[in-house]
Amino acid sequence: MFKRKIFYKTAPLILAACAVFSACSVDTDSGKNETVPGTTAQNTTNVADTTLEADAANGSKPDLVEYSTEPVIWGPGNITDHERPAEPEKLQNKYSEMSAQWLLPDGNNICLTFDEGYENGYTDRILDTLAEKNVKAIFFCTYDYVKDNPQLVLRMINEGHILANHTYTHYDMTEIDLETAQEEITLLHDYVEENFDYAMGYFRFPEGVFSEQTLALTAELGYRSVFWSFAYEDWDTSNPPDEETAFEKITSSVHGGEIMLLHAVCETNANILGSVIDDIRQQGYEFTTEL
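Per mature numbering (1 follows the signal peptide of the UniProt record, and there is no 0), the sequence shown runs over residues -25 to -1, 1 to 266.
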């Protein structure tokens, strides 16, 4: 539909040993007029207090082209001894004025997030478990997921979860020009708003790859960029992690203020989710979607 201009860049700056390959999507239709995180009313709260917004109001905000386009790759592995990891905290402090978040405030809250690029048959089970355990989550979805799975997306919204933007086509946002990067966000945003009366307020970069310029663009469009402080190798459906190993990785890495990334295409995640939630609660943590 849209002619896309793609300019490839080189020499990425690697901040972590590996990138997490996200698969996401989102589609919903809501007859309700509730205010939940991610709707228009919440979006204003999410971003209005950022420095970029304040700068825009007084006319001092730099042009987007003035920001660095150097790629930064984020993909943390395991956390040891339940310590709150230092690297995401450093990044959050550095980029907080661009409405970017890797962690919740220190405490006993955990934010559970799922990336949805395509449906692999497990999201219904994940939603069943979340309902049974009374846990809310954030689902970062691509356009294809939203378009192809309207009933699942509708269920996410109706059951109180947050629907979030994971781009239109899952491009690496640092390898496309600024106009295309904006379309990656706005085309999905507009589709969801027009078809499901839902305004998304949270954004996740495909594979965790971003630049200062794309962070600034996302904030300027009214989004909070949500990264993560824990993820593991759960995206490869041809080589899924075994349940015992996955359970140990997830539960032994829990830390205060964690934003956890899981992929809904992984059968292992669907199988162990209930036990993971129970174990995390037994450790003294609770789940929230309040960022």
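Note that CB positions come from ideal geometry on N, CA and C, so glycine has one too.
Starting from residue i and walking both ways along the beta strand (DSSP E), at which residues does that stretch end?
i, result
"Ser200", "Arg199 to Val201"
"Ala139", "Ile137 to Asn140"
"Phe114", "Ile113 to Cys116"
"Leu237", "Ile234 to His238"
Around the Cβ of residue i, are there at least 16 other Cβ atoms within 10 angstroms (buried) or fewer (exposed)?
i, result
"Val40", "exposed"
"Gly82", "exposed"
"Gln76", "buried"
"Tyr(-18)", "Here Tyr(-18) scores only 33 on pLDDT, less than 50, and its place in the model should not be relied on; the value that follows carries that caveat. Looking at its Cβ environment, which holds fewer than 16 other Cβ atoms inside 10 Å, Tyr(-18) is exposed."
"Asn140", "buried"
"Lys69", "exposed"
"Gly259", "exposed"
"Ala61", "exposed"
"Asn244", "buried"
"Glu159", "buried"
"Asn124", "buried"
"Pro37", "exposed"
"Ser186", "buried"
"Thr161", "exposed"
"Glu182", "buried"
"Pro46", "buried"
"Pro216", "buried"
"Pro80", "exposed"
"Ser74", "buried"
"Ser43", "exposed"
"residue 269", "The structure shown does not extend to residue 269, since the chain is modelled only from -25 to 266, so the question has no answer here."
At what residues does the alpha helix (DSSP H) containing residue i begin and finish?
i, result
"Asp90", "Segment Asn84 to Glu91 is the beta strand (DSSP E) holding Asp90; no alpha helix (DSSP H) there."
"Ile151", "Per DSSP, Ile151 belongs to no alpha helix (DSSP H) and is neither H nor E."
"Phe131", "First, the amino acid is wrong: residue 131 is Met here, not Phe. Here the alpha helix (DSSP H) through Met131 covers Pro125 to Asn133."
"Ser70", "The question names Ser, but residue 70 in the sequence shown is Tyr. Segment Ala61 to Tyr70, the alpha helix (DSSP H) holding Tyr70."
"Asp103", "Thr98 to Lys108"
"Ala174", "Where Ala174 is concerned, there is no enclosing alpha helix (DSSP H), given that its DSSP letter is neither H nor E."
What is the DSSP secondary structure of residue i, reduced to helix, strand or coil?
i, result
"Arg164", "At residue 164 the sequence reads His, which differs from the Arg that was named. In this structure, His164 counts as helix in the three-state DSSP scheme."
"Phe180", "coil"
"Gln76", "strand"
"Glu261", "strand"
"Val251", "helix"
"Ser228", "coil"
"Glu58", "coil"
"Thr193", "helix"
"Gly6", "Residue confidence is low: Gly6 scores 38 on pLDDT, short of 50, so the model does not pin down where it sits. No coordinate-derived value is stated."
"Asp119", "helix"
"Thr220", "helix"
"Asn246", "helix"
"Glu94", "coil"
"Leu39", "helix"
Can you check DSSP and say which residues form a bridge with residue i?
i, result
"Phe185", "Val47"
"Phe205", "Met235"
Quiz item: Below 8 angstroms, can you find three or more Cβ-Cβ pairs linking the segment 142 to 156 to the segment 113 to 126?
Solution: Counting C-beta pairs with one atom in each stretch, the segment 142 to 156 and the segment 113 to 126 have three or more that are closer than 8 angstroms, which means they touch.
Quiz item: Touching or not, the segment 85 to 105 and the segment 246 to 265, by the rule of three or more beta carbon pairs under 8 angstroms?
Solution: Counting C-beta pairs closer than 8 angstroms gives three or more between the segment 85 to 105 and the segment 246 to 265, which meets the contact rule.
Quiz item: Can at least three beta-carbon pairs, one atom from the segment 187 to 198 and one from the segment 214 to 222, be found at a separation below 8 angstroms?
Solution: At 8 angstroms Cβ cutoff, the stretches do not touch.
Quiz item: Okay, do the segment 91 to 101 and the segment 62 to 74 touch, 3+ Cβ pairs below 8 angstroms being the bar?
Solution: With the rule of 3 Cβ pairs closer than 8 angstroms, the segment 91 to 101 does not count as touching the segment 62 to 74.
Exercise. May I ask you to verify whether the segment 235 to 250 touches the segment 196 to 214, counting CB pairs closer than 8 angstroms and requiring at least 3?
Key: With the cut-off at 8 angstroms, the segment 235 to 250 and the segment 196 to 214 touch.
Quiz item: Does the segment 132 to 139 come close enough to the segment 101 to 113 that 3 or more CB-CB pairs lie under 8 angstroms?
Solution: Contact between the segment 101 to 113 and the segment 132 to 139 is present: 3 or more CB-CB pairs across the two stretches fall below 8 angstroms.
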